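>
Residue numbers (my numbering): 141 to 336.
1) Tell me whether the beta-carbon of residue 335 lies closer than 8 angstroms to the beta-carbon of residue 199.
2) Thinking C-alpha only, which one of 203, 233 and 202 is nearest residue 214?
3) Exposed or buried, residue 260, counting other C-beta atoms within 10 Å across all chains shown (16 or more means buried)?
4) Among residues of its own chain, excluding the 5 on either side of residue 174, which ones have a beta-carbon nearer than 8 angstroms to its beta-carbon?
5) In whole angstroms, what is the alpha-carbon distance linking residue 208 and residue 324?
6) In whole angstroms, give me the CA-to-CA distance for residue 231 and residue 255.
7) Say whether the segment 188-195 touches the segment 160-167, bearing in mind that this needs 3 or more beta-carbon pairs closer than 8 angstroms, one atom from each stretch.
8) Checking 8 angstroms against the spacing of the C-beta atoms, do residue 169 and residue 257 come in under that value?
9) Please give me, in chain order, every unbroken run of the alpha helix (DSSP H) with length at least 4 that falls completely inside the segment 205-274.
10) What separation, rounded to the nearest whole angstrom, lies between the Cα atoms of residue 154 and residue 247?
11) Just tell me which of 240, 331, 322 and 222 has its CA closest to the CA of residue 282.
12) Mind checking which residues open and close the alpha helix (DSSP H) that includes residue 293?
13) Residues in the same chain with beta-carbon distance under 6 angstroms from residue 272, minus the five sequence neighbours each way, listed in chain order, please.
14) Tell me where the alpha helix (DSSP H) around residue 165 begins and ends.
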């Protein structure tokens, strides 16, 4: 049996941790109803908060493809939840590159894991693309969906084509911060997995 091939237990692990990732980020996203500043802050909040379950996930990854599959599932879920397909390429690319980075360290290098999760976290910026690429139509859909005009105006002031590159950088850095916090919380799992 090919030890590098994903097995049933690997897919179970993917399913469990992808579900945890999605549930945690959904809780954060629902907080966005409270303020447009929280929505703009997703790029900081989601990578940091999901850093704990994701570091536990990384401690269990030994084969290429697991992180990539997670990103594909997330891209599908973003589409189902109304974010369209515009962000799918970013989401999937972030997962694939993150997977390759972790693999380059044989999934045992903390430095590679640290950078890998920073890259993986860039899936979050994919959710902002409708605000940047289809601003007018997306703004109208939010207003028709019951959002207050001042809420929408503030959000579209915070997330613009000019601020988007800054959001990407902040998201990457927040991912690495989340990795550090996550590692501290699940240190025993890292030690058991031999990630140094």
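Beta carbons: idealized from backbone N, C-alpha and C, even for Gly.
All of these numbers come straight from a predicted model, not from anything done at the bench.
In short:
1) yes
2) Selected option, being the one with the closest Cα: 233.
3) buried
4) none
5) 24 angstroms
6) 16 angstroms
7) Because the criterion of three Cβ pairs below 8 angstroms is met, the segment 188-195 and the segment 160-167 touch.
8) no
9) 206-218, 228-244, 250-260, 263-266 and 269-273
10) 15 angstroms
11) 222
12) 289-298
13) 301 and 304
14) 148-171
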